[in-house]
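Quick notes on the structure that follows.
Residue numbers (the numbering used here): 18 to 216.
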């Protein structure tokens, strides 16, 4: 799959002086005279700056690679086919949201969250896979946004609640968890099948 991407930027700003930096996708003005466009995400993080002036950060190679990997999982395209990426499309914005979460969110500590070992057949996992995380609060649906030989970096699609029904970890949190605790998505009660990948 070939996809020529123009340079993309993250716009970081605390315009409402809330103490949190809001993350938006910035598409600069195009060579054909298109206006610059800003697409807000739902991602924010605590600000440590004294100014509310926006800062623009160019997408890193890791950002672009993750975007392309997630796009590749969604688009049924052969290697020779050109992909037209419409940033205003809801699915594409969902991918941008995942890339922003992976870039800007601090992972939750998982040492106290993992569940007891279970014996089950394991599957090979890849970036973009829907999986269930084996936690002490049940099986939670997540999507993989990073992998190494030991850990999987995941965005939580379910909130983790304790037995009293209190929120422990909100959805869309970033977790780095040992691959041993990553199970097929069917373990998660909220798994609706492969068609419900991004939401």
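Beta carbons: idealized from backbone N, C-alpha and C, even for Gly. Given the structure is predicted, the values throughout are model-derived calculations rather than measurements.
What is the residue span of the alpha helix (DSSP H) that residue i lies within?
i           : result
residue 53  : Unbroken run through residue 53: none, as it is neither H nor E.
residue 204 : Element bounds for residue 204: n/a, residue is neither H nor E.
residue 82  : 78-91
residue 108 : 107-121
So is residue i buried or exposed if we call it buried at 16+ other beta carbons inside 10 Å?
i           : result
residue 134 : exposed
residue 145 : buried
residue 205 : buried
residue 184 : exposed
residue 35  : exposed
residue 31  : buried
residue 40  : buried
residue 199 : buried
residue 53  : exposed
residue 37  : exposed
residue 46  : exposed
residue 116 : buried
residue 203 : exposed
residue 179 : exposed
residue 151 : buried
Between residue i and residue j, what straight-line distance do the alpha-carbon atoms span, to the nearest angstrom?
i           : j           : result
residue 215 : residue 89  : Because residue 215 carries a pLDDT of 41, less than 50, the predicted location of this residue cannot be relied on, and the following value inherits that uncertainty. Approximately 14 Å, taken between the alpha carbons.
residue 103 : residue 55  : 13 Å
residue 108 : residue 23  : 19 Å
residue 132 : residue 153 : 4 Å
residue 62  : residue 29  : 10 Å
residue 125 : residue 74  : 24 Å
residue 33  : residue 58  : 16 Å
residue 111 : residue 136 : 33 Å
residue 44  : residue 76  : 11 Å
residue 19  : residue 157 : Only weak support exists for where residue 19 lies, its pLDDT of 40 falling under 50; the coordinates are left without a value.
residue 161 : residue 27  : 21 Å
residue 68  : residue 114 : 25 Å
residue 106 : residue 147 : 21 Å
residue 87  : residue 174 : 16 Å
residue 80  : residue 164 : 14 Å
residue 159 : residue 140 : 15 Å
residue 155 : residue 66  : 38 Å
In the DSSP output, which residue or residues are listed as bridge partners for residue i?
i           : result
residue 178 : 184
residue 172 : 160, 191
residue 102 : Answer is none; residue 102 lacks a bridge partner.
residue 72  : 29
residue 149 : 158, 200
residue 61  : 39
residue 131 : 152
When you compare the CB of residue i with every CB in chain D, is at least one pair closer than 8 Å?
i           : result
residue 149 : You won't find chain D in this structure, because it holds only one protein chain.
Report whether the distance from the Cβ of residue i to the nearest heavy atom of the ligand GDP is below 7 Å.
i          : result
residue 52 : Inclusion of the ligand GDP in the displayed structure is not the case, the ligand content being empty and no account of it being possible.
key: the region 157-172 contacting the region 183-197, beta-carbon criterion three pairs below 8 Å   = The answer is yes - the region 183-197 touches the region 157-172, with three or more Cβ pairs under 8 Å.
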